[in-house]
Amino acid sequence: MTAVNGDTDRDRGVRDRLRRRLWSIAEAMASPRRPEDYLDMFHPLRRGADLRGRVVAVRPEAGEAVTVVLRPGAAWRPHVPGQYVRVGLDVDGIRRRRSYSITSPPVTADGTVAITARAVAGGIVSAHLAQRLAPGDLVHLDQACGDFVLPDPAPEKVLFITGGSGITPVIGMLRSGLQRLRDVVLVHSDATRRDVIFGPELRELAAGGRIRLVEHHTERAGRLAMAELRSLVPDLAERETWACGPAGLLDRIESYWTDLESGHRLHTERFRSKLAEPGDGGTVEFTTGGITVDCAGTSSILEAGEASGVLLPSGCRMGICFSCVLPLRDGTVRDLRSGEITRAEPGDGVLVQTCVSAAAGHCQIDN
Amino acid sequence: MTEEHSDPMTVMQRKDVNPIAHLTADDITEIGRRLDAIRAEVIEARGERDAAYIRRVIDVQRKLELGSRIVLFASLFPPAWILGTAGLSVAKILENMEIGHNVMHGQWDWMRDPKIHSTTWEWDNASPAEQWKHAHNELHHTYTNVIGRDNDLGYGIMRVDEDQRWHPIYLAQPLWCFINACFFEFGIAAYDLELGKNLSSKRRRSDPEFKARARQVLRKIGKQALKDYVVHPLLTGPAFLTTMAATATANLVRNLWTNSVILCGHFPEGVETFEKRSIDGETKAEWYLRQMLGSANISGGKAMHIMTGNLSYQIEHHLFPDLPSNRYQEIAPKVRQIFDDYGLNYVTGPLPRQVGSAWGKVFRLSLPNELALKLKRRRPARPVPTPAVLGERRAAYGLTPEPVAV
Chain A
7 MTAVNGDTDR DRGVRDRLRR RLWSIAEAMA SPRRPEDYLD MFHPLRRGAD LRGRVVAVRP
67 EAGEAVTVVL RPGAAWRPHV PGQYVRVGLD VDGIRRRRSY SITSPPVTAD GTVAITARAV
127 AGGIVSAHLA QRLAPGDLVH LDQACGDFVL PDPAPEKVLF ITGGSGITPV IGMLRSGLQR
187 LRDVVLVHSD ATRRDVIFGP ELRELAAGGR IRLVEHHTER AGRLAMAELR SLVPDLAERE
247 TWACGPAGLL DRIESYWTDL ESGHRLHTER FRSKLAEPGD GGTVEFTTGG ITVDCAGTSS
307 ILEAGEASGV LLPSGCRMGI CFSCVLPLRD GTVRDLRSGE ITRAEPGDGV LVQTCVSAAA
367 GHCQIDN
Chain B
40 MTEEHSDPMT VMQRKDVNPI AHLTADDITE IGRRLDAIRA EVIEARGERD AAYIRRVIDV
100 QRKLELGSRI VLFASLFPPA WILGTAGLSV AKILENMEIG HNVMHGQWDW MRDPKIHSTT
160 WEWDNASPAE QWKHAHNELH HTYTNVIGRD NDLGYGIMRV DEDQRWHPIY LAQPLWCFIN
220 ACFFEFGIAA YDLELGKNLS SKRRRSDPEF KARARQVLRK IGKQALKDYV VHPLLTGPAF
280 LTTMAATATA NLVRNLWTNS VILCGHFPEG VETFEKRSID GETKAEWYLR QMLGSANISG
340 GKAMHIMTGN LSYQIEHHLF PDLPSNRYQE IAPKVRQIFD DYGLNYVTGP LPRQVGSAWG
400 KVFRLSLPNE LALKLKRRRP ARPVPTPAVL GERRAAYGLT PEPVAV
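Note that the protein sequences, when read in sequence, are chains A and B. Numbering-wise (the working numbering), the first sequence opens with residue 7 and increments by one. Numbering-wise (the working numbering), the second sequence opens with residue 40 and increments by one.
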């Protein structure tokens, strides 16, 4: 047995060496391009390619939302329901990245992944999704991420509180995790009954007795007050809770839960981070390319750089994922969320999150 | 002398006809304002159409290169050799001009596509992108046609202006210039490396920074040679020699073509040069004016413009080096209108005439000035607008109708 295994290992070693040799020949042939630049022209979804997805379908949903069904590249790893994915789209010729909740189950018969987004007023990317994106288009993808997910094993009693498009991560959990959940209450707040994304599907789940659905329509009843929530869900203190929606709703829920001291956990998912009062801004010098840009007190170094065509790493764009971190070589930046000041002396390399930092005077960023 | 130096355009005023004598300071400011407006308009409008354009050019270029290299597997068969060599020559020219040169200028950085970005692009040429960007973007585009500052003016090896001092060695410059054209990519690499200057003294030769950059160039040349003269020919097996000859020919064609285009940009007769001190304290509008007078276009069809990387719109390119190249032909009429409105010479002509004119200068200026000036064809008198006409134009832009003495 050992001998056989040894042979297999050796074979594998030979194969790997051969593959590496062939690849280095391909690299020499393609220079100064990379072999993948040529392969991408013919097979952009192959294993080993940068992760992309091909649009299979674009479906309108209620409440001016849109679901985009994608066939991801071979390297895609199945998501956990509740997670989101960062999508890179070329809008008006400019690569823009946004995060969208995944609304399909982790495993689908045809291997596709669906994301759902609601058109934001003035939002160029969500408008592009709804109006311009067509089957056959390629989009750039990252692996799914986010910790707004159900634990394993799932808790006995669960409460979901969602507002508007906040339903999108929750529908993912309901679509694939419902068999693990015994007692589910979903309180959903939206402008009207018609605006509820996935409204008919949720109502069907409720009619079938799988979940208890409480709809709150703000156009008629005003914003959801915590006292009302308490009367709608009298046992809420006994439930592990997941909340996702507009910042105002989440702020109210967070402070209510703090007062409640129920001991049961509250998980929240924000689409935008809370911001502090802005500073005066300043100028940012990017060391690669030697470009200096003005950065208003309200805009992040990432946005200011991108607007001037500087290539910068980015991720969630709300200070969570740390993919945008770059060294601050000199100067001062201000955290857009807390107002906290970070200072670097010349030659330092203080790592700052460019997506939530604004310039405070002149600063130098190593890009 | 002091008086001359206080004036922004000294060299021009020593020319037989000072091309800007009729302009006031306000005129120059207004020219700057109108050019800024053209730039702002393009930046506002650029978008999906432009992105689709460069992606299409890149796609066509890669397929053409791939296709040509495949055809060369049959390069023992003469028609295949010709087809493959022609295709590869065009692919290499596209890669260097419309793609490489323009991407490295940052013309497409606004797309935020890391694959088509000035900081990540490496081109199919002997000079490493990083060194070329410094020599070209920072030095040549800033100090365009300033004698002693812009090394592109003759590349430090040629005399292309009467104000460059003559030396007997320049008698051989037509030959030298032709050799440089054949090996242009290595000429560019040597030039970006400032090889002449850096080899001149032992101190410079042993400077670790120079040595590191020289190693970088040698590595790049090694990779280029490995690809073109070893790996691809070997892959074609029995056709090794014919494939190698094909790639060598494609590189030669690319070198001769790019050299011709570059000569046309700044050397034809009618293009102005500037004295070193004339740019002290230069304003943005004066910089624009220097680019306008120091560059020359090539007229021709669409294919010619693409093959020159739109450097046939050298004037527009020099005014706005970072605007997408496909936009130059769109703004050219507006730019030309400014030349016309202010009685300035928009130097342009078909490729053979411009190449001829540049080479004529190379031959003429290989001689000392006494002889060279005798051979100089008198510039045809340009109709400078009459004071009345200029006054009307000034009034139209809300300026004083009379030129104010500068």
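Where is the CB? At the ideal position from N, CA and C, for every residue including glycine.
Secondary structure within the stretch 218–278 of chain A: the alpha helix (DSSP H) runs of 4 or more consecutive residues, fully enclosed, are 224–227, 232–238 and 253–266 (chain order). Contact with chain A is found for B/P153, since one of that chain's Cβ atoms lies less than 8 Å from the residue's Cβ. Taking C-beta atoms as the reference points, B/W160 and B/I227 fail to come closer than 8 Å.
In this chain, B/S128 is not harboured by any beta strand (DSSP E); it is covered by the alpha helix (DSSP H) spanning P117 to L133.
A Cβ-Cβ contact shorter than 8 Å links A/V64 with A/L139.
Taking the Cβ atoms as the reference, A/A150 lies roughly 5 Å from A/V91, within the contact range of under 8 Å. Rounded to the nearest whole angstrom, the C-alpha separation of B/R416 and B/P407 is 16 Å. In the three-state scheme derived from DSSP, where H, G and I count as helix and E and B as strand, B/E369 is classed as helix. Taking a 10 Å sphere around the C-beta of B/E134, we find 16 or more other C-beta atoms and assign the residue as buried. Look at A/P87: its C-beta is not under 8 Å from any C-beta on chain B. Between the alpha carbons of A/S110 and A/T122 lies a distance of about 9 Å.
Residue contact check for B/S166 against chain A: no CB pair falls below 8 Å. By the CB criterion at 8 Å, B/G333 and B/T183 fall inside the cutoff.
DSSP links A/R104 through a beta bridge to A/V93.
According to DSSP, residue pairing for A/Q370 in a beta bridge involves A/E291 and A/D336. Proximity to B/G388 across B/D380, B/A371, B/F359 and B/G339 peaks at B/G339, based on C-alpha coordinates.
Partner residues in the beta bridge of A/D196, as assigned by DSSP, are A/H223. Chain B places a beta carbon closer than 8 Å to that of A/G315, counting this residue as a contact. Assigned with DSSP and collapsed to three states, A/L342 falls in coil, not helix or strand. Chain B places a beta carbon closer than 8 Å to that of A/A34, counting this residue as a contact. Secondary structure note for B/G139: it is in no beta strand (DSSP E), with a DSSP letter that is neither H nor E.
Scanning the stretch 233–303 of chain B from its first residue to its last, no whole beta strand (DSSP E) run of 3-plus residues comes out. Taking all protein chains shown into account, B/M197 has 16 or more neighbouring C-beta atoms within 10 Å of its C-beta and is therefore buried. Shown in chain order are the members of the stretch 123–157 of chain B whose Cβ falls below 8 Å from a Cβ of chain A: G145, D148, W149, M150, R151, D152, P153, K154, H156 and S157. In the DSSP assignment, A/C151 falls outside any beta strand (DSSP E) and carries neither an H nor an E. Remark: three or more beta-carbon pairs, one from each stretch, lie closer than 8 Å, so the stretch 208–226 of chain B and the stretch 290–302 of chain B are flagged as touching. Counting only residues of its own chain and dropping the five nearest sequence neighbours on each side, A/A80 has a CB closer than 7 Å to the CB of L51, R52 and R53. Comparing C-alpha distances from B/Q368 to each of B/E325, B/D379, B/H356 and B/H173 shows the shortest one belongs to B/H356.
Taking A/L192 as the centre and dropping the five residues before and after it, the same chain places the C-beta of F166, I217 and L219 closer than 6 Å to its C-beta, in chain order.
Here B/I186 is near B/F313, since their CB atoms are less than 8 Å apart. Cβ-Cβ distances below 8 Å link A/E351 to D336 in the same chain, with the five nearest sequence neighbours on each side left out; the list follows chain order. At least one beta carbon of chain B lies nearer than 8 Å to the beta carbon of A/P38.
Note on B/S245: under 16 other CB atoms within 10 angstroms of its CB, so exposed under the neighbour-count rule.
In this structure, B/I155 and B/W147 form a Cβ contact; the two beta carbons are roughly 5 Å apart against a cut-off of 8 Å. Around the beta carbon of B/I77, a 10 Å sphere encloses 16 or more other beta carbons of the protein chains shown; the residue is thus reported as buried.
When the five nearest sequence neighbours on each side are left out, the beta carbons in the same chain lying within less than 7 Å of the beta carbon of B/G348 are those of M136, E137, H140, N141 and S364, in order along the chain.
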